[in-house]
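Residue numbers (this note's numbering): 109 to 882.
Shown next as structure tokens:
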């Protein structure tokens, strides 16, 4: 009997044994040690791990270094059938579990100890078969029935119940642990059944992925260093590559810092009479900065100006003159001195983790990390930009599901919107649907925007989800600027208790949570940080025209470390347009930083932009922002009361434009700084203040206002009072517990209390759920 026949018989017997055994999964705590046998590193050892090891043995899968270590049950450095049988015998109870260090305790979760299958529930598993019924949670002994293999088949099976006269309340598709790689969009439409949930099988972690695996590496010398290469096939085109939980960077030129636009060709402007939006189709670089790219058809340029980063493919480049022609116009005016750099430059491939795809030949180049192993490292290449669409079907929900590893593309429209990464495609798109929800889900390594609740979406929710490493906006709610009483208004959407960080990683001007033409929505108890632009943005009408956006509750959010000196004109919380019933309360915003050079400006805590009117802003704290804690560009009669604006870079409160009506009512706020203005942009009669506390920790009661503290700009207390400001104000230390460490707890003896200032527990801002970020 030759070796091939022996190997076939061994694999056949192994699969038979695998399918015939009752192998319950069990959970382990990943610290202090992980368990041998957990080949897919999801924190559990189950049949999915046995299958993965078996697929490795027959050469269908290549494990990365961490997977290889966990799959090597006998620690001999190899993965073979012996390791497979050790997992099988462990799951059957013949062998004890073996931990990679001290043995962790099993997780006792009374809410997920036992699966209770409803009469119409289905189960999906990586060990399933789409020809089976889906009514069993694992294959039966005869391998004639068991779970389904794909989410799409479960969806299609449930179509048969659309017109059935049945009680389908609580119907669930249970999704077992493992990775489900989609090769096309999971598309829900009006023909599908609604009112059911895709939910993680108890104790397991299912992953829906938009990526394909990349491995089978060779080595060669490129740019003077050793790189790994593999053939992914001609015509392949992806922009994302992930190693575990991390995005890998495309090579950029220059490697650090930015170049500066030397000049502009006036005839290469679509709208030369515009100020901010000329639509440049080229720019001139300094030839001394440049060289002749060998792969110009693959190079993108990123131009940074104002509140926008343009990401546009290069059409051609003349190294001698510096003339750079773009494939489409910029959305904002490009001007001399704008920062820019090139991405996806083959000649710049040099640092560990960088990669380059030669699209025409289909050859992928990768500079390995020190932790990579050429035999076991497998990367995830984003194949799908959008993985789920829900259009015209109500009540679809996802609970405890992980969505990850999706691609991004250049925004296809010729002239992009200039703000908030508006045109970027979402990984999950919901339109014309009610009661869609995402609860306790993880969205990781998303190439573009994560979740978009689009036109005519109502009563949806995103709750207790973790967003990290997001290329665009985490949650985007978008409607039409219709009248509020029409049927297709986007409304009644809740975004609460989510942790959003590392957003805008590709499209830097993206937002943590963006609301465009949405009504009666709540954004509360979210923690948003580590982005390059605004945390929460609400409204999409510049000025005083009709604005369907209203009745928003933006409360108890913790927003910090955004901006990071990259773009301009941003706020921790940003609004547009008339919104008479919108309330912004209980939020803590700090460390908002705008670009500080050239055309840079505007890193504000709370920023009411053009036309923002009749809103209530109360019980918020904004501190350590590069500009002011509160800024209103222009608007009317906004009530700003009982807030703390403290220790911001260029002052504490600013109202920019002078109009013929009152801008804000500023009442019972604590406004403190250290040798910085209380108010900036001061013009007589811009707004009404009453009963605020002012203090300067350096100048004490001798506070200043004005556009700066210089002699020509500063206005002393008497001068401000002549302009009708500081009405009924007091100039005393508010007696915070520890201003140096930003502890804003008020002493019971605080003089602010005599003004009617009402303390609140600002530590309640942020998530209600403790997220594990390890």
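Note that beta-carbon positions come from the ideal geometry of N, C-alpha and C, so glycine has one too.
Collapsing the DSSP output to three states places residue 160 in a helix. If only complete runs of 3 or more residues are kept, the region 259–316 shows the beta strand (DSSP E) at 280–283, 286–289, 294–296 and 304–308, in order along the chain. Residues 691 and 747 of the same chain have their beta carbon placed closer than 6 Å to that of residue 724, with the five preceding and five following residues left out of the count.
About 5 Å separates the CB atoms of residue 472 and residue 340; that is less than 8 Å, so the two are in contact.
With a beta-carbon spacing of about 17 Å, residue 715 and residue 745 fall beyond the 8 Å limit used to define contacts.
Nearest neighbour of residue 566 by Cα position, chosen from 545, 556 and 696, turns out to be 545. Contact annotation: residue 627 and residue 581 have beta-carbon atoms that are not nearer than 8 Å.
Going by beta carbons, residue 440 and residue 385 fall inside the 8 Å limit. 8 Å or more divides the Cβ of residue 509 from the Cβ of residue 296. The alpha carbon of residue 548 has as its nearest neighbour, out of 555, 542, 561 and 570, the alpha carbon of 570. DSSP, read as helix, strand or coil, puts residue 733 in coil. By alpha-carbon distance to residue 557, the top candidate from 511, 648 and 186 is 511.
Per DSSP, the continuous beta strand (DSSP E) segment holding residue 561 begins and ends at 557–561. A Cβ-Cβ distance of about 7 Å is found for the pair residue 528 and residue 618, placing them in contact under the 8 Å criterion. 8 Å or more divides the Cβ of residue 700 from the Cβ of residue 663.
Checking the DSSP bridge columns, you'll see residue 781 partnered with 804. Here residue 242 is buried, its C-beta having at least 16 other C-beta atoms within 10 Å.
Across the set 576, 499, 246 and 476, the C-alpha of 499 shows the shortest separation from the C-alpha of residue 540. Burial state of residue 424 is exposed, judged by a 10 Å Cβ sphere holding fewer than 16 other Cβ atoms. Taking all protein chains shown into account, residue 791 has fewer than 16 neighbouring C-beta atoms within 10 Å of its C-beta and is therefore exposed.
The C-beta distance from residue 709 to residue 677 rounds to 7 Å, short enough to meet the 8 Å contact threshold.
Taking C-beta atoms under 8 Å as the contact rule, residue 322 and residue 489 qualify, at a distance of about 5 Å.
Spatial neighbours of residue 593 in its own chain (CB-CB distance under 7 Å, excluding positions within 5 residues in sequence) are not present. Distance from the Cα of residue 353 is smallest, within the candidate group 871, 325 and 487, for 487. DSSP, reduced to helix, strand and coil, places residue 381 outside both helices and strands of the structure shown, so it counts as coil.
Per DSSP, the continuous alpha helix (DSSP H) segment holding residue 830 begins and ends at 825–830. If you compare the alpha carbons of 231, 533, 476 and 393 with that of residue 426, the shortest gap goes to 393. By the C-beta criterion, the region 854–865 is judged not to be in contact with the region 582–592, since fewer than 3 inter-stretch pairs fall below 8 Å. Within the same chain, 230, 232, 242, 256 and 281 come within 7 Å of residue 262 by CB-CB distance, once the 5 residues on both sides are set aside. Burial check for residue 399: the Cβ neighbour count within 10 Å stays below 16, so the residue is exposed. Between residue 356 and residue 462, the gap from beta carbon to beta carbon is short of 8 Å.
Closest in alpha carbon position to residue 442, among 223, 374, 477 and 428, is 374.
Exclusion of the five residues before and after residue 362 leaves 449 as the residues of its chain whose Cβ lies within less than 7 Å of its Cβ. Take the alpha-carbon of residue 560 and the one of residue 843: they are about 44 Å apart.
Scanning the region 684–765 from its first residue to its last, the whole beta strand (DSSP E) runs of 3-plus residues come out as 691–693, 696–700, 711–716, 724–726, 729–731, 738–740, 746–749, 752–754 and 761–763. Distance from the CA of residue 370 to the CA of residue 433, rounded to the nearest whole angstrom, comes to 14 Å.
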